[in-house]
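Residue numbers (our numbering), protein chains in the order written: chain A, 6 to 231; chain B, -1 to 300.
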């Protein structure tokens, strides 16, 4: 059996430890590494650095927009007198600059309502972007609801979800009054209790544990503190 | 065969092991020894040289690349009995991809990947450019054809059991190619930048965003920002015509290398006409015919 022979050979070798250990080929005195190995390591290291120098900037360039927040943008959409408490007025303003009409978005704007127990004298601006997958919803005056044409999402007067596949209420826009003009600003999302949170994309839940499963993105603006 | 005379010598089908080498040359002329060799005229010699020129050029290339061995091995490889039309779905997918690549290159000559000009440039291609609507249509409908063919090809592979050992890696490469094809279809959809493309891309990106934890960041990556904007279009354009096609071409190369290397499978309804058990050494010693000559029961002995 070859195993036995191997063991015997091993035992024999162990029995003669006084035999001088020959220098491994390729080593020079005092070296811990052959020159071949040293060059291999060096070439691979330099190649790795060169590769990283090309790839890392390119990847950084591609992913940088994730961490970039654009300039805050406010746009006047009409005098305060145009807006009432009990119904919405549709306004169109530019949310994304540089792409022409495709960058425009629609908001439904009204004054805060005393009947609904909202903070007085504020402007409520509801985005028409459905919280399901981003189709444009429409405020239906007769029903007093927002209705989405794509998959049948329905929201109540305040934008809370009352039916269909949407996962949260409609988004809002920050609003303020300057010189008698209503101005709309960055988008923010709300929880099911209408508490403001950072803007989320459609289809993403808000509030509770969902704030961690769908983390806020650095490219969005902080929600209004009030 | 007549066809053989048209094929240059280096690419001709290699003779079967048993066949004599002289067969292809034909019999020697009977009057080789009796009749004195006639000195050919200059024009005749020139004609002969001209006739040989294509073969000479090919031989010159072959001598420097040794490609003929690979090419004859690839072109004359064995295919199993029962190979049928379903086996052409992979080639059909390849042709669909080549068609997409060619029409895409020519569309890129007229297309402007700018949010404010993309729509107008597509309208220009469709309305003004000679055959523009045809090339655009080929690219647009060809993408659907390619997706359908990819799925049919995948179904053929699955139902014929062609994904099994030793072809698992080719299945994996095929799945990556499927994903890349879908990426092409998705990114290409935005490029005309009309209402349909815009909203379809919005919905598509939002579906991406519903993935927990990484979803929101993936959406930002695809849009190059929190909203679909000017850079989204150029980003999709770069992915559509530079990044993914390169990956697809490389993976198609690997996919086809493995097909040639491993061969194709017989359809599952075909029974093996040789015993499935490996032949014993004594059977191999008996010669090439040893396997077939062995009685069916004898195979169980090994």
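Backbone N, C-alpha and C fix where the C-beta goes; we use that ideal spot for every residue, glycine too.
From A:46, A:69, A:60, A:140, pick the residue whose C-alpha is nearest to that of residue 171 of chain A; which is it? The residue given as residue 171 of chain A occupies position 166 in the first chain. Closest by alpha carbon: A:140.
Runs of alpha helix (DSSP H) wholly within the region 158 to 243 of chain B (minimum 4 residues, chain order): Those alpha helix (DSSP H) runs which fall completely within the region 158 to 243 of chain B and span 4+ residues are 166 to 188, 193 to 207, 213 to 221, 228 to 236.
Between the CA atoms of residue 34 of chain A and residue 67 of chain A - distance to the nearest angstrom: To locate residue 67 of chain A, count along the first chain from 1; it is residue 62. To locate residue 34 of chain A, count along the first chain from 1; it is residue 29. Roughly 50 Å separates the two Cα atoms.
Would you kindly check if the distance between the Cβ of residue 136 of chain B and the Cβ of residue 97 of chain B is under 8 Å? Residue mapping note: residue 97 of chain B aligns to position 99 of the second chain, counting from 1. Residue mapping note: residue 136 of chain B aligns to position 138 of the second chain, counting from 1. Their beta carbons are under 8 Å apart, which means residue 97 of chain B touches residue 136 of chain B by this criterion.
Tell me residue 73 of chain A's beta-bridge partners as DSSP assigns them. Taking the first residue of the first chain as position 1, residue 73 of chain A is located at position 68. DSSP lists no partner for residue 73 of chain A.
Short-range partners of chain B found in the region 95 to 121 of chain A, where Cβ spacing is below 9 Å: Residues 100, 101, 102, 103, 104, 105, 107, 108, 110.
From A:143, A:174, A:116, A:43, residue whose alpha carbon lies closest to that of residue 97 of chain A: Taking the first residue of the first chain as position 1, residue 97 of chain A is located at position 92. Measuring from the Cα of residue 97 of chain A, the nearest candidate turns out to be A:143.
Please work out which residues of its chain come closer than 8 Å, Cβ to Cβ, to residue 12 of chain B, disregarding the five sequence neighbours upstream and downstream, and give them in chain order. If you number the second chain from 1, residue 12 of chain B lands on position 14. Answer for residue 12 of chain B: 70, 74, listed in chain order.
How many angstroms separate the CA atom of residue 20 of chain B from the CA atom of residue 14 of chain B? For the purposes of this step, residue 20 of chain B is taken as residue 22 along the second chain, with counting starting at 1. For the purposes of this step, residue 14 of chain B is taken as residue 16 along the second chain, with counting starting at 1. With a pLDDT of 48 at residue 20 of chain B, under the threshold of 50, the modelled position of this residue cannot be trusted; read the value that follows with caution. Those two C-alpha atoms are separated by around 12 Å.
From which residue to which residue does the beta strand (DSSP E) around residue 42 of chain A run? Here residue 42 of chain A refers to the residue found at position 37 when the first chain is read from its first residue. Counting along the chain, residue 42 of chain A sits inside no beta strand (DSSP E); it lies in the alpha helix (DSSP H) bounded by residues 40 to 68.
Same chain, Cβ closer than 7 Å to residue 110 of chain B, five either side skipped, listed in chain order: Numbered from its first residue, the second chain carries residue 110 of chain B at position 112. Excluding positions up to five away in sequence, the list reads 116, 119.
Three-state class that DSSP yields for residue 129 of chain B in the structure shown: Taking the second chain and counting its residues from 1, the one referred to as residue 129 of chain B is at position 131. Three-state result, residue 129 of chain B: coil.
Tell me the DSSP bridge mates of residue 95 of chain A? As a working mapping, residue 95 of chain A is identified with position 90 in the first chain. Paired residues: A:113.
Looking at chain A, is there any beta carbon in it that lies within less than 8 Å of the beta carbon of residue 67 of chain B? Here the question's residue 67 of chain B lines up with position 69 in the second chain. By the rule that beta-carbons nearer than 8 Å mark a contact, residue 67 of chain B does not touch chain A.
Roughly how many angstroms separate the alpha carbons of residue 79 of chain A and residue 183 of chain A, rounded to a whole number? Translated into positions along the first chain, residue 79 of chain A becomes position 74. Translated into positions along the first chain, residue 183 of chain A becomes position 178. The straight-line gap from Cα to Cα measures roughly 10 Å.
So, is the C-beta of residue 190 of chain B closer than 8 Å to a C-beta in chain A? Numbered from 1 along the second chain, position 192 holds the residue referred to as residue 190 of chain B. It does not; no Cβ of chain A falls within 8 Å.
Within 10 angstroms of its Cβ, does residue 160 of chain A collect 16 or more other Cβ (buried), or is it exposed? Position 155 of the first chain, counted from the start, is the residue given in the question as residue 160 of chain A. Around the beta carbon of residue 160 of chain A, 16 or more other beta carbons sit within 10 angstroms, so the residue counts as buried.
If you reduce the DSSP assignment to three classes, tell me which class residue 94 of chain B lands in. Your numbering for residue 94 of chain B matches position 96 in the second chain. Residue 94 of chain B falls in the helix class under three-state DSSP.
Could one say the Cβ of residue 228 of chain A lies closer than 8 Å to chain B's Cβ atoms, at least one of them? The sequence position of residue 228 of chain A within the first chain is 223, counting from 1. Contacts with chain B at 8 Å (Cβ-Cβ) do not include residue 228 of chain A.
Roughly how many whole angstroms lie between the Cα atoms of residue 73 of chain A and residue 122 of chain A? Against the first chain, residue 73 of chain A aligns to sequence position 68. Against the first chain, residue 122 of chain A aligns to sequence position 117. Between residue 73 of chain A and residue 122 of chain A, the C-alpha separation is close to 37 Å.
Would the beta-carbon of residue 174 of chain A fall within 8 Å of that of residue 203 of chain A? Position 169 of the first chain, counted from the start, is the residue given in the question as residue 174 of chain A. Position 198 of the first chain, counted from the start, is the residue given in the question as residue 203 of chain A. Going by beta carbons, residue 174 of chain A and residue 203 of chain A fall outside the 8 Å limit.
Under 7 Å Cβ-Cβ, which residues of chain B neighbour residue 68 of chain A? By 1-based counting over the first chain, the position of residue 68 of chain A is 63. Using a Cβ-Cβ cut-off of 7 Å, residue 68 of chain A is close to 219 of chain B, given in chain order.
Any idea if residue 306 of chain B is buried or exposed, counting beta-carbon neighbours within 10 angstroms, 16 or more meaning buried? Nothing about residue 306 of chain B can be reported from this structure: the residues present for chain B run from -1 to 300 only.
Could you give the distance in angstroms between the alpha-carbon of residue 200 of chain A and the alpha-carbon of residue 204 of chain B? Here the question's residue 200 of chain A lines up with position 195 in the first chain. Here the question's residue 204 of chain B lines up with position 206 in the second chain. Distance between the alpha carbons of residue 200 of chain A and residue 204 of chain B: 22 Å.
In the DSSP output, which residue or residues are listed as bridge partners for residue 3 of chain A? Given a span of 6 to 231 for chain A in the structure shown, any question on residue 3 of chain A remains unanswerable.
Measuring straight from C-alpha to C-alpha, what distance separates residue 294 of chain B and residue 165 of chain B? For this step, residue 294 of chain B is matched to residue 296 along the second chain. For this step, residue 165 of chain B is matched to residue 167 along the second chain. In this predicted model, residue 294 of chain B has a pLDDT of only 45, less than 50, meaning its place in the structure is not dependable; the value taken from the coordinates is given anyway. Per the coordinates, the alpha-carbon of residue 294 of chain B lies some 29 Å from the alpha-carbon of residue 165 of chain B.
Kindly indicate which three-state DSSP category residue 226 of chain A falls into: helix, strand or coil? In the first chain, the residue the question calls residue 226 of chain A occupies position 221. Residue state, collapsed to three classes: coil.
Which same chain residues, not among the five before or five after residue 205 of chain A, have their C-beta less than 7 Å away from its C-beta? In the first chain, counting from the first residue as 1, residue 205 of chain A sits at position 200. Here residue 205 of chain A has 194, 211, 219 as same chain residues with Cβ atoms under 7 Å from its own Cβ, once five neighbours each way along the sequence are excluded.
Three-state secondary structure assigned by DSSP to residue 143 of chain A: Residue numbering aside, residue 143 of chain A sits at position 138 when the first chain is read from its first letter. Looking at residue 143 of chain A - three-state DSSP - the assignment turns out to be strand.
Is residue 114 of chain A near the ligand NAD - that is, is its Cβ less than 7 Å away from at least one heavy atom of it? As far as ligands go, the structure on display features none, and thus does not contain the ligand NAD.
Does the separation of the CB atoms of residue 192 of chain A and residue 132 of chain A fall below 8 Å? Sequence index remark: in the first chain, residue 192 of chain A carries index 187 (1-based). Sequence index remark: in the first chain, residue 132 of chain A carries index 127 (1-based). For the 8 Å CB-CB criterion, residue 192 of chain A and residue 132 of chain A form a contact.
Assign residue 264 of chain B to one of three DSSP states: helix, strand, or coil. Reading the second chain from its first residue, position 266 is the one you call residue 264 of chain B. It is coil, neither helix nor strand.
If you pair each beta-carbon of the region 230 to 249 of chain B with each one of the region 171 to 185 of chain B, do three or more pairs fall below 8 Å? Under the Cβ criterion (8 Å, minimum of three pairs), the region 230 to 249 of chain B counts as touching the region 171 to 185 of chain B.
Pair within 8 Å by beta-carbon distance, residue 85 of chain A and residue 189 of chain A: In the first chain, the residue the question calls residue 85 of chain A occupies position 80. In the first chain, the residue the question calls residue 189 of chain A occupies position 184. Contact check for residue 85 of chain A against residue 189 of chain A fails: the beta carbons are separated by 8 Å or more.
Considering Cα atoms alone, identify which of A:69, A:105, A:165, A:113 is closest to residue 88 of chain A. Taking the first chain and counting its residues from 1, one reaches residue 88 of chain A at position 83. Ranking A:69, A:105, A:165, A:113 by Cα distance to residue 88 of chain A puts A:113 first.
Counting only C-beta atoms, is residue 215 of chain B closer than 8 Å to chain A at any point? The residue labelled residue 215 of chain B in the question sits at position 217 within the second chain. With 8 Å as the cut-off, residue 215 of chain B counts as an interface residue toward chain A.
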